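Let me begin by presenting the structure, written as structure tokens, before commenting on it.
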Amino acid sequence: MNKKIIVLMALMGFTLSCTSQSKKIATTKKAKQPNVIVIITDDQGYGDLGAHGNTLVKTPALDKFHDDSVRLTDFHVGPTCAPSRSGLMTGRYADRVGVWHTIGGVSILREDEVTMADVFQENGYETAMFGKWHLGDTYPSRPQDKGFKYTITHGGGGVGQTPDYWDNDYFDDTYFKNGVPTKYEGYCTDVWFDEAIKYIEEKKDEPFFAYISTNAPHLPYNVPEDYYNKYKDLDIPEFQKIFYGMITNVDDNFAKLQKKLKELNIADNTILIFMTDNGTASGYKTVGGKLYGFNGGMKGTKNSEYEGGHRVPFFISYPDKNIKGGRDVNDLTAHLDILPTLATLCNLELPERQKEMDGSDISSLLSGTKETIGRDYLITDSQRVQSPIKWRKSAVMSDKMRLVNGTELYDVSKDPGQENDLAAQFPEKVEQMRGYYNEWWSSVSTEFNQFPIIVLGSDQQNPIELTCHDTHVHDSKIPWNQNYIREAKKNPIGGEFTVAFEQSGTYTIELSRWPFESNLAINAAVAGKKGTISTESISDGRTMNFKSGGVKIGAWEQTKTVENDAKIIRFTGNFTKGETDMSAWFTTNEGEDWGAFYIRVTRVSKEFSLLD
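Going by mature numbering (1 follows the signal peptide of the UniProt record, and there is no 0), the letters in the sequence shown line up with residues -20 to -1, 1 to 592, in that order.
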């Protein structure tokens, strides 16, 4: 045979071998990048699961997942919704990232924070979320601004809240698909899971990160009647029957998702996580002097600094890496740990702009190679005020010791109900844990005066709609859901929005008492909706007598009369690029000022216009 031909054949063989090896390496590399699905429910506590000892709630799929997964038994979050989500998404304390409340302009994630979705997307993952975001409804803090390429969400902190689409009631609602209002059929939780499953079917051949964040079982307590009927004969309050029904509906959807993962043959290479966002809202309540429900022996529920307010379920499965099998991890862990841990499990590189995380990589605990990471302390608190207050509703956690509000000391390994205060017996431990807190407070408090910014005039969201849900005001009476809008619960005057004009130009500012999509006149009434056995009623909307409205942006201020049957008041002004404060209000015939409920800002020109 010709030597040239032999050499050529050898080279071809080498090339084919290299190509084959290259494909093998690529396949291996791809196999090392698992899919990730994080499921987080809203207001479901540690005790609201059959696997944790609740004998009433029906959660067979989650109980089975508990038995098959690795469980973090001492896992903590924030005591309320938005703070928990901010910590999960960033790996950083809520007080550090600007999210220490659920309303009032401080449930918005700061614009420079890097999220879990950012990290996954920048590492080549497809990213999507379904359901509750609660970290900002305005640019640049929406989920689509924070790393999610595909989104189907409701507004605010729950379906039917002030920033949500008008008249949503959990059934056949309008949600925001990539920011665009889109009508869906079915019950809200079914929609989130059905749409997630469609997405997973489409992306099954690519590494994906799917975040399924249900609004259930958060109030209002609405559920399909079939799920209410599962509990209708129990001797528990009516709201608890619906609450449990909402959890069972989540469970059924979880089972449906698991089945689909197996059908698609991707279950073993998928990291599947189930967790909740805070202690129970209605699974453990006293009604008429009688205590109903189950709380795992803990003290405190949602919004509490005690254990029941922030210790929640966390189950994780990743069969390809032997994270399975029904094993407990008893080390102190938190939502802050999930991002750094997933970065390790998925071989992700953190962006250069990533800020230092407060969480720790606990992958060694999940794999069983370590029993402890030797953590000194964790801290959680429930501020729910405009300006954080030192020691307010706080818990310092160190191993099994808990320092509550800086003065009470408990050993939860022996006293899970936190009934026996040990502060007087162990003053040295109290001082040590107070030292942890002081160190932490000094670190997180450096930016308390820097509110998250709502950006006006950006091509990313123009027009942009703001609601009273996000006004900065030292008053807890902000109308944060649409029933309060209907009832005309007074929006306190004096609230401001922290805004920045991205571009100089001419803008219109429109005010309304009702959501703009409602098409209702400012002073009009509107009929409510009667509840059923498994749903809450929706309030009637009463008439108002607003005679004028006004806007103040920096030093610029205008007022106008509310014309008969007017749906909006519109102002036009020229504004220069930069940060400022904005406030808006209505004035009644009696001369009483109310903060405006809904505001729409539109950049109409990049040039200044001649105005009257």
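The beta-carbon is built from N, C-alpha and C at its ideal position, and this holds for glycine as well.
Fair warning: this is a prediction, and the values are worked out from it, not measured in the lab.
DSSP places residue 417 in the uninterrupted alpha helix (DSSP H) bounded by 407 to 424. Remark: C-beta atoms of residue 440 and residue 73 do not approach each other more closely than 7 Å. By the neighbour-count criterion, in which 16 or more other beta carbons inside 10 Å mark a residue as buried, residue 360 falls on the buried side. With fewer than 16 other CB atoms across the displayed protein chains lying within 10 angstroms of its CB, residue 239 is exposed. Judged by DSSP secondary structure, residue 383 falls within the beta strand (DSSP E) whose first and last residues are 381 to 384. Per DSSP, the beta-bridge partners of residue 521 are 506. Unbroken alpha helix (DSSP H) stretches of 4 residues or longer found wholly inside the stretch 551 to 580: none. Note that the stretch 265 to 282 does not touch the stretch 12 to 19; fewer than 3 beta-carbon pairs, one per stretch, sit closer than 8 Å.
Listed as beta-bridge partners of residue 361 by DSSP are 374. In this structure, DSSP gives residue 274 a state outside helix and strand, which the three-state scheme calls coil. If only complete runs of 3 or more residues are kept, the stretch 147 to 207 shows the beta strand (DSSP E) at 154 to 157, 160 to 163 and 188 to 193, in order along the chain. Within the model, the alpha-carbon separation for residue 410 versus residue 60 is close to 26 Å.
Per DSSP, residue 111 is one residue of the beta strand (DSSP E) stretching across 106 to 111.
The residue among 399, 383 and 421 with its C-alpha nearest the C-alpha of residue 408 is 383. Counting only residues of its own chain and dropping the five nearest sequence neighbours on each side, residue 310 has a CB closer than 7 Å to the CB of 53 and 54.
Within the DSSP bridge table, the entry for residue 56 names 291 and 314 as partners. About 7 Å separates the beta carbon of residue 292 from that of residue 258, a gap short enough to meet the 8 Å contact definition.
Per DSSP, the continuous alpha helix (DSSP H) segment holding residue 221 begins and ends at 218 to 243. Residue 537 is bridged by DSSP to 532. Ranked by how close their Cα comes to the Cα of residue 465, the residues 496, 480, 486 and 476 have 496 in first place.
Residue 379 and residue 357 have their C-alpha atoms some 7 Å from each other. Taken through DSSP and simplified to helix, strand or coil, residue 324 comes out as helix. In the DSSP annotation of this structure, residue 255 is not part of any alpha helix (DSSP H); the continuous beta strand (DSSP E) holding it starts and ends at 250 to 256. Per DSSP, residue 445 is one residue of the beta strand (DSSP E) stretching across 444 to 447. Separation of the CB atoms of residue 150 and residue 202 is rounded to 4 Å, and the pair is thereby assigned contact status at 8 Å. Of the candidates 520, 196 and 318, 318 places its Cα closest to the Cα of residue 70.
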